[in-house]
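What follows is one structure encoded as structure tokens, with my remarks underneath.
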Amino acid sequence: MYKVLYRDGSAKSAVMETVHGTIKTPVFMNVGTIGAIKGAVAPTDLKEIKTQVMLCNTYHLHLRPGDEIVKKMGGIRKFSTWDGPVLTDSGGFQVFSLAKLRQIKEEGVTFRSHIDGHKIFMGPEESMQIQSHLGSTIAMAFDECVPYNSSYEYTKNSVARTTRWLRRCRKELDRLNSLEDTVNPHQMLFGINQGTTYNDIRAEHAKEIAELDLDGYALGGLAVGESHEQMYDVIEHTAPYLPADKPLYLMGVGTPENILESVARGVDFFDCVYPSRNGRHGHAYTSHGKINLLNKRFETDERPLDENCNCPVCRRYSRAYIRHLLKANEMLGLRLMVTHNLAFYNNLMSEIRKAIKEGRFDEYRKQKEEDFKIESEVNK
RNA sequence: GUGGGUAUAGCGUAGCUGGUUAACGCGCCAGAUUGUGGUUCUGGAGACCGAGGGUUCGAAUCCCUCUACCCACC
Numbered sequence: 004m005y006k007v008l009y010r011d012g013s014a015k016s017a018v019m020e021t022v023h024g025t026i027k028t029p030v031f032m033n034v035g036t037i038g039a040i041k042g043a044v045a046p047t048d049l050k051e052i053k054t055q056v057m058l059c060n061t062y063h064l065h066l067r068p069g070d071e072i073v074k075k076m077g078g079i080r081k082f083s084t085w086d087g088p089v090l091t092d093s094g095g096f097q098v099f100s101l102a103k104l105r106q107i108k109e110e111g112v113t114f115r116s117h118i119d120g121h122k123i124f125m126g127p128e129e130s131m132q133i134q135s136h137l138g139s140t141i142a143m144a145f146d147e148c149v150p151y152n153s154s155y156e157y158t159k160n161s162v163a164r165t166t167r168w169l170r171r172c173r174k175e176l177d178r179l180n181s182l183e184d185t186v187n188p189h190q191m192l193f194g195i196n197q198g199t200t201y202n203d204i205r206a207e208h209a210k211e212i213a214e215l216d217l218d219g220y221a222l223g224g225l226a227v228g229e230s231h232e233q234m235y236d237v238i239e240h241t242a243p244y245l246p247a248d249k250p251l252y253l254m255g256v257g258t259p260e261n262i263l264e265s266v267a268r269g270v271d272f273f274d275c276v277y278p279s280r281n282g283r284h285g286h287a288y289t290s291h292g293k294i295n296l297l298n299k300r301f302e303t304d305e306r307p308l309d310e311n312c313n314c315p316v317c318r319r320y321s322r323a324y325i326r327h328l329l330k331a332n333e334m335l336g337l338r339l340m341v342t343h344n345l346a347f348y349n350n351l352m353s354e355i356r357k358a359i360k361e362g363r364f365d366e367y368r369k370q371k372e373e374d375f376k377i378e379s380e381v382n383k
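Under the numbering used here, the first residue of the first sequence carries the number 4, and numbering increases by one thereafter.
See below:
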């Protein structure tokens, strides 16, 4: 059950009730591809920084340790001990982003494992079966992430196929949910809208998938090379054709600024590798922009990563110490960086929800965007 | 004191049978990264090659002197 509690312009704040807990939106899902956040961040750490949803990946878990194994262990939630909601990505993006030698047909996609090169076939049914084994709260439809700059003709055909695949996903998941030994018989399904930057294809596709009455809808194939303006334009011209009473998920996005701008256009769900990957690479998010801890100027900086942050890392550790750990390749450095960055994103979402509730989101958004720009002044 | 060796960017090294803008690693600096192939990728700055003199069209490379450091011996 998804219910919008507050509206502020096009921005909205809602609650989504799931069998694994309530999700307050707008929400940033923390990416834990293989059932763990990279950087040695444990599920107990996630609880402490108020993570709401963990995002896991169908493709990766299928390869290792294998979705049958995960099912035997009681599903990804029991297996990992993360007891909150989990969203599983369908594998569609991985086929597009990392599998080489892929061959796309009506039945599905044949491609090679990035681990050992063996041939794998995945179609809508396979993706749903794997996600059912994983027992996530929300399953994503199996789609083709149409590359940016694809021709109009190719995009139109691909999107039409993604629609056919979506119907197959719905049918297969209904079957799986009704089986005796299903890990989560209440598994929900989100459909994915594609069409790159062709607004008319996006709109047509949105109307078609809206008829399927799914649990939520996502905008896919964005933040893959187009400009921010193009991305915002697509959101503005596509969101109106998707059901207003269903959550909207912008896949793979993004920077704090991207999130603020997208919330302003009605987006509820986000996920992005930035906070974790950038953390591993030494970049910390602060209320005054991103800083690179590897820079020498932090060598004896006693301040926390972000002076306006109240996360467990900022309450205790200095920039200088974390820098030292990163320089020395000590794992604790990664863990502290990633934990802070995720906490920063989670806090941002919490503040966004509060601002929407209080009807001052636009003002808040502008202030934040200004703050992010003056990074060099304050952090020097 | 004697013999031998070494001196090249912040550090560690390559180049040293003489030939255009002296190379590499680390460090430093800056960018990149958007449904994650777990410490990534791309760039940049920085050295009058210990000091002085000589040979030569031309010297980091050869010769001499000095200085510093290292090793061995007395």
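Yeah, the Cβ is synthetic: ideal placement off N, Cα and C, and Gly gets one too.
Annotated three-state conformation of A39 is coil, per DSSP. Counting of Cβ neighbours within 10 angstroms places S135 among the buried residues, the total reaching 16 or more. Residue nearest to N281 within the set P259, V22, E147 is P259 (criterion: CA-CA distance). With a cutoff of 8 angstroms on beta-carbon distance, D146 and G219 are scored as not near each other. Taking 8 angstroms as the cut-off, the beta carbon of F301 is found closer than this to the beta carbon of R322.
Put simply, the region 30-40 does not touch the region 197-211. Fewer than three CB pairs are less than 8 angstroms apart.
The Cβ atoms of V149 and G194 lie no closer than 8 angstroms to each other. Around the beta carbon of L182, a 10 Å sphere encloses fewer than 16 other beta carbons of the protein chains shown; the residue is thus reported as exposed. Y252 and T21 have their C-alpha atoms spaced approximately 16 angstroms apart. Linking Y155 to T200 through their CA atoms gives a straight-line distance of about 10 angstroms. Scanning the region 272-329 for uninterrupted alpha helix (DSSP H) segments of 4 residues or longer gives 277-283, listed from N- to C-terminal end.
Restricting attention to alpha helix (DSSP H) runs no shorter than 4 residues, the region 201-242 encloses them at 202-213, 231-241, ordered along the chain. Residue V270 holds the alpha-carbon nearest to the alpha-carbon of M352 among N152, A331, V270, G24.
With 16 or more neighbouring CB atoms inside 10 Å of its own CB, R368 falls in the buried class. Looking from the CA of Y277, the closest CA among H240, P315, V341, D216 belongs to V341. The DSSP-derived three-state label of V18 is strand.
For T258, no beta strand (DSSP E) run applies, since DSSP gives it neither H nor E. DSSP places A163 inside the alpha helix (DSSP H), whose first and last residues are 155-180. A residue is called buried once 16 or more other Cβ atoms fall within 10 Å of its Cβ, and Y348 is buried on that count.
In the displayed model, D365 falls within a helix according to three-state DSSP.
Around the beta carbon of F124, fewer than 16 other beta carbons lie within 10 angstroms, which makes this residue exposed.
Look at the region 56-80 and you find these whole runs of beta strand (DSSP E), each 3 residues long or longer: 57-60.
Contact check for M19 and Y9: beta-carbon distance about 14 angstroms, past the 8 angstroms limit, so the pair fails to qualify.
Between S290 and D309 a beta carbon distance of about 6 angstroms is seen, short of the 8 angstroms cut, so the two are scored as contacting. Around the beta carbon of Q97, 16 or more other beta carbons sit within 10 angstroms, so the residue counts as buried. With a threshold of 16 other beta carbon atoms within 10 Å, L337 meets it and is buried. The Cβ neighbour count for H23, taken over all protein chains shown within 10 Å, is at least 16; the residue is labelled buried. Shown here, K50 sits in a helix according to DSSP, grouped into three states.
In this structure the region 164-177 does not touch the region 232-245; the number of beta carbon pairs closer than 8 angstroms is below three. Per DSSP, A144 lies in no alpha helix (DSSP H) segment and is marked neither H nor E.
Shortest Cα-Cα distance from N311 to any of V256, D374, S116 involves D374.
Closest by C-alpha distance to E372, out of A14, L345, L263, K293, is L263. The beta carbons of N261 and H286 sit no closer together than 8 angstroms. Residue state for N349 is assigned as helix, using DSSP reduced to three classes. Annotated three-state conformation of Y244 is helix, per DSSP. Here Q233 has T200 as same chain residues with Cβ atoms under 8 angstroms from its own Cβ, once five neighbours each way along the sequence are excluded.
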